[in-house]
Every structure is written in C-alpha cells, then in structure tokens.
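Structure first, commentary second.
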Amino acid sequence: MSKITEVAELVEKGKAKLVGAAVQSALDEGCEATEILNSMIDAMAVVGERFKNGEIFVPEMLVAARAMKKGVEVLKPHLASGATGSMGKLIIATVAGDLHDIGKNLVALMLRNYGYDVIDLGKDVPVEKVVNTAKEKNIQLIGLSALMTTTVKSMEETIKALRTSNIKCKVFVGGAVLTQEYADMIGADFYAEDAQESVRIADKFFNDTSK
Numbered sequence: 525m526s527k528i529t530e531v532a533e534l535v536e537k538g539k540a541k542l543v544g545a546a547v548q549s550a551l552d553e554g555c556e557a558t559e560i561l562n563s564m565i566d567a568m569a570v571v572g573e574r575f576k577n578g579e580i581f582v583p584e585m586l587v588a589a590r591a592m593k594k595g596v597e598v599l600k601p602h603l604a605s606g607a608t609g610s611m612g613k614l615i616i617a618t619v620a621g622d623l624h625d626i627g628k629n630l631v632a633l634m635l636r637n638y639g640y641d642v643i644d645l646g647k648d649v650p651v652e653k654v655v656n657t658a659k660e661k662n663i664q665l666i667g668l669s670a671l672m673t674t675t676v677k678s679m680e681e682t683i684k685a686l687r688t689s690n691i692k693c694k695v696f697v698g699g700a701v702l703t704q705e706y707a708d709m710i711g712a713d714f715y716a717e718d719a720q721e722s723v724r725i726a727d728k729f730f731n732d733t734s735k
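The sequence shown runs 525 to 735 under this note's numbering.
Quick look at the structure:
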C-alpha cells in the first residue's frame, strides 16, 4: 500500500490520531503535498457517497472530517501559498428555535477542510443576527440549518429578512426535514442534502464569475 493510499484510508475510517503521522511519513518519503491533499479530498468524497447511500451516518461523517482536518494541519506548511488559503467567506447557522447542531457542525468542518472561511453563528440564531452579520462582513453566501419541522418557519423568516434587507447574497439550506421542494417553497437558492453537497454549492458559487 502506498503512503498516499494509507492516508486516504485513515481518513475514510476516521482515524484522526493516526492521520497526522501518516501524512508526515508520506511527506518524508517524497510524496507531493498536493497529492496527499487530493487523496484526502477524494476520501471524503467516498465517505459522502456512503452517507448518501445510507451505509454510514452523521457520527461516521464527523470523525472522517476530523481526521482530514488533522491531516490538513500537518500539510499546511508544505503547500504552496494559497493552496489552503481562503476559498471564500460564508456564514452558517442553525435557525432560531432549533438547538440541534450536529449536522451544521459537520458542514462547518467540511467547508473549513476545503479552504473556506466559515463564520459559524451557532444554534438558535435570531434572524437579526444572521442579517446583521451578513451586512457587517459583506457575506455573499449563507447556509441555514433546521432539524425540526417547527423551525423551518424560522428559516423562511431569515431568508425573507435577508431579501428585504437588500443584501446581495445566496442562501443554501439543509437539515433532516428539508427537501428540494421545501427549499424552493421558502425561497432558498440551493438545497444541500448533505455536507458534501454544501461543499459543492460553495465551490460552484465562489467559482461563478457571473454572480
């Protein structure tokens, strides 16, 4: 097994305590830092597919993302300037009235692993806090999470407040009770069914020069 393959497998299995040493070993043997980074990204894509297929669940996704984070920490000094710099800045928050944040935390971790500057406002976040932070920080992409049917209304209210405040931004939404149809109904721009999709949305948004 190659060193790069070993790193990828450790990420897939969520072996956070072992990934750092494996990454350092791969570097010591002359493996390119960008190759190692790409192998971890590919590993997380595999994990994302397993989650989507119902083979694993949120806890397994979290430990894999944390393992990748450990690997990235070792890699950073060896990557070319900008390779792990900010790909873009965005807000994520669990909406008012909702105290569930496991999914939101996973999204934050994944986005940070991929180089995004994430302003995590936490859980049970008032509408005004999302709007005011977006204004103050000039944020163009916002992710909102809701786990309960009763708090989807708060999500809708947050989106409406962002629109009426004339903030030029796009909003993606996710959570156990959300569907594409529901996301369309409440005025969201994107629906993220899982953390990996959140990364794809961010990638597409920040690489779209026409926005």
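Where a beta carbon is used, it is the ideal one built from N, C-alpha and C, also for glycine.
Inset, instruction - Can you tell me the Cβ-Cβ gap for Ala712 and Ile725, rounded? I've got them flagged as a contact below 8 Å. - result: The residue labelled residue 712 in the question sits at position 188 within the sequence shown. The residue labelled residue 725 in the question sits at position 201 within the sequence shown. Their Cβ separation, rounded to whole angstroms, is 11 Å, which puts Ala712 and Ile725 out of contact at 8 Å.
Inset, instruction - Taking 8 Å as the cut-off, decide whether the C-beta atoms of Asp622 and Ala670 are in contact. - result: As a working mapping, residue 622 is identified with position 98 in the sequence shown. As a working mapping, residue 670 is identified with position 146 in the sequence shown. Cβ distance < 8 Å, so Asp622 and Ala670 count as in contact.
Inset, instruction - Return the chain-ordered ranges of every beta strand (DSSP E) run that is complete within the region 667-694 and spans a minimum of 3 residues. - result: none
Inset, instruction - Check whether the Cβ atoms of Ile560 and Leu599 lie closer than 8 Å to each other. - result: Residue numbering aside, residue 560 sits at position 36 when the sequence shown is read from its first letter. Residue numbering aside, residue 599 sits at position 75 when the sequence shown is read from its first letter. Contact flag set, yes.
Legend entry - Val697 versus Ala569, Tyr706, Met568, Ala588, residue with shortest Cα-Cα distance: As a first step, residue 697 is located in the sequence shown; it is residue number 173 there, counting from the start. Per the Cα distances, Tyr706.
Inset, instruction - Using only alpha-carbon positions, find the residue among Glu597, Leu686, Glu553, Met611 that is nearest to Lys659. - result: Translated into the one-based positions of the sequence shown, residue 659 becomes position 135. The option with the nearest alpha carbon to Lys659 is Leu686.
Inset, instruction - Per DSSP, which residues does Tyr715 bridge with? Please list them. - result: Taking the first residue of the sequence shown as position 1, residue 715 is located at position 191. Answer by DSSP bridge pairing, in chain order: Val697.
Inset, instruction - Could you have a look at Ala591 and say whether DSSP puts it in helix, strand or coil? - result: Residue numbering aside, residue 591 sits at position 67 when the sequence shown is read from its first letter. Three-state DSSP puts Ala591 in a helix.
Inset, instruction - Report the rounded CA-to-CA distance for Asn629 versus Lys594, giving the unit in angstroms. - result: Your numbering for residue 629 matches position 105 in the sequence shown. Your numbering for residue 594 matches position 70 in the sequence shown. Cα-Cα distance, rounded: 16 Å.
Inset, instruction - Output the distance between the C-alpha atoms of Lys527 and Ala546, rounded to the nearest integer angstrom. - result: The residue labelled residue 527 in the question sits at position 3 within the sequence shown. The residue labelled residue 546 in the question sits at position 22 within the sequence shown. Going by the C-alpha atoms only, they are around 7 Å apart.
Inset, instruction - Report yes if the C-beta distance between Val651 and Thr673 is below 8 Å; otherwise report no. - result: Counting from one through the sequence shown, the residue named residue 651 turns up at place 127. Counting from one through the sequence shown, the residue named residue 673 turns up at place 149. For Val651 and Thr673, no; Cβs fall outside 8 Å.
Legend entry - 8 Å Cβ cutoff met for Val582 and Gly627: Translated into positions along the sequence shown, residue 582 becomes position 58. Translated into positions along the sequence shown, residue 627 becomes position 103. In contact: Val582 and Gly627 (Cβ atoms closer than 8 Å).
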